[in-house]
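**Q**
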Amino acid sequence: MVGFVKQELLIIREVSVTEPVETEDGWQFYATVTVIDRSDKLPRDGVPVLLYLLEQGKEEEPLLTDTEGQVTKKFTCSKPGRWTVVAQIAGTTKCKRKPVTIKGEKVAQPARLLFRKARKGRICTVFVQVLNKKDKGVRGAQVVVVDPELPRGWKKLKLTDKDGVTLYRKKVKRDAALEFFVAGSEVRGHLDIYRD
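The letter at position 130 of the sequence shown is residue 452 when you use the working numbering, and the numbering goes up by one with no holes.
(1) Cα-Cα, which of 458, 465, 487, 375 is closest to residue 505?
(2) What separation, rounded to the nearest whole angstrom, lies between the Cα atoms of residue 432 and residue 508?
(3) So who's on the other strand from residue 403, going by DSSP bridges?
(4) Beta carbon of residue 486, beta carbon of residue 451: below 8 Å?
(5) If you run the structure through DSSP and keep just helix, strand and coil, what is residue 324?
(6) So does the region 340–359 actually touch the region 385–398, counting three or more Cβ pairs closer than 8 Å?
(7) On the criterion of 16 or more Cβ atoms from any shown chain inside 10 Å, does residue 445 qualify as buried, or is it exposed?
(8) Does the beta-carbon of residue 404 have 16 or more other beta-carbons within 10 angstroms, so that it is buried, or is it exposed?
(9) Residue 332 to residue 358, Cα distance in whole Å?
(10) So, for residue 471: in the same chain, excluding its five sequence neighbours on each side, which residues have a beta-carbon less than 6 Å away from its beta-carbon?
(11) Could you check how far apart the C-beta atoms of residue 467 and residue 437 are, in whole angstroms? I think they sit under 8 Å.
(12) Under the assumption that residue 381 contacts residue 373 (Cβ atoms under 8 Å), give the Cβ distance between them as a whole number of angstroms.
(13) Give me the residue from 360, 459, 355, 496 with the minimum Cα distance to residue 392.
(14) My output table needs one value for residue 519: the three-state DSSP class, helix, strand or coil.
(15) Can you list, in chain order, the residues of its chain whose CB lies under 6 Å from that of residue 498, leaving out five sequence neighbours each side?
(16) What are the boundary residues of the beta strand (DSSP E) that residue 370 is part of?
(17) For residue 387, does the count of other Cβ atoms within 10 angstroms reach 16, so buried, or fall short, so exposed?
(18) According to DSSP, is residue 350 helix, strand or coil?
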């Protein structure tokens, strides 16, 4: 417990945050703070920690660290932009800051799919680009491919990159008709791949 630890030996080892997610109430994310004892580098429980957003003002009620020396708190931000998580050991000046950037484009709504194929022998790589209404790539979209030759008949692809692109590699044994769709939207696309 903190009562047996000299306060000057306590330090905040790290502040980590999850990726902000858009909800009906705004953008939400979780921040976790880890407190350790500098003398033995071990986590300390029962340490009062203030955890707040700099832009929303100081939190009065401290949270107590658990047996792993951690406290976690959910934050909700009303608008996109740059926010700063502040973690401070209560009663001391020891604090750490962690900037959080919430992108302005709400998870841009997908509008259509664009395909590009590259063949190398029997392997066909399909590049799938998710575009919004302004024909800009949608980052972080979940594309699903429906392919009868897959064990489950479908597969989730990697989330799209900053240009809205993900890819699917397929060994072409025969002519194939593939369907692609973006999870959580109406956007679908059809692609035929021919053996020769």
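The beta carbon of each residue, even a glycine, is placed where N, CA and C say it ideally should be.
Because the structure is a prediction, the values reported are computed rather than measured.
**A** Straight from the coordinates:
(1) Your numbering for residue 505 matches position 183 in the sequence shown. For residue 505, the nearest C-alpha among the options comes from 465.
(2) Residue 432 sits at position 110 when you count from the first residue of the sequence shown. Residue 508 sits at position 186 when you count from the first residue of the sequence shown. Cα to Cα, residue 432 sits roughly 9 Å from residue 508.
(3) Here the question's residue 403 lines up with position 81 in the sequence shown. In DSSP, residue 403 forms a bridge with 424.
(4) As a first step, residue 486 must be located in the sequence shown, where it is residue number 164. As a first step, residue 451 must be located in the sequence shown, where it is residue number 129. Yes, these two residues count as a Cβ contact at 8 Å.
(5) By 1-based counting over the sequence shown, the position of residue 324 is 2. Low confidence applies here, because residue 324 scores a pLDDT of 46, under 50, leaving its location unreliable; read the following figure in that light. Of the three classes helix, strand and coil, the one that applies to residue 324 here is helix, per DSSP.
(6) yes
(7) One-based indexing of the sequence shown puts residue 445 at position 123. Residue 445 is exposed by the Cβ-count criterion.
(8) As a first step, residue 404 must be located in the sequence shown, where it is residue number 82. Residue 404 is exposed by the Cβ-count criterion.
(9) Numbered from 1 along the sequence shown, position 10 holds the residue referred to as residue 332. Numbered from 1 along the sequence shown, position 36 holds the residue referred to as residue 358. Near 6 Å, if we compare the C-alpha coordinates of residue 358 and residue 332.
(10) Here residue 471 refers to the residue found at position 149 of the sequence shown. The answer is none, since no qualifying residue turns up.
(11) For the purposes of this step, residue 467 is identified with residue 145 of the sequence shown, where counting begins at 1. For the purposes of this step, residue 437 is identified with residue 115 of the sequence shown, where counting begins at 1. About 11 Å separates the two Cβ atoms, so there is no contact after all.
(12) Indexing the sequence shown from 1 puts residue 381 at position 59. Indexing the sequence shown from 1 puts residue 373 at position 51. At roughly 6 Å, the Cβ-Cβ gap stays under 8 Å, so residue 381 and residue 373 are in contact.
(13) To locate residue 392, count along the sequence shown from 1; it is residue 70. For the residues 360, 459, 355, 496, the minimum Cα distance to residue 392 belongs to 355.
(14) Nothing in the structure corresponds to residue 519, since the chain is present only between 323 and 518.
(15) As a working note, residue 498 is residue 176 in the sequence shown. Cβ neighbours of residue 498 beyond the five flanking positions: 515.
(16) The residue given as residue 370 occupies position 48 in the sequence shown. Looking at the DSSP string, the run of the beta strand (DSSP E) that includes residue 370 is 370–375.
(17) For this step, residue 387 is matched to residue 65 along the sequence shown. Buried: at least 16 other Cβ atoms inside 10 Å.
(18) As a position in the sequence shown, residue 350 is number 28, starting the count at 1. Strand, per DSSP.
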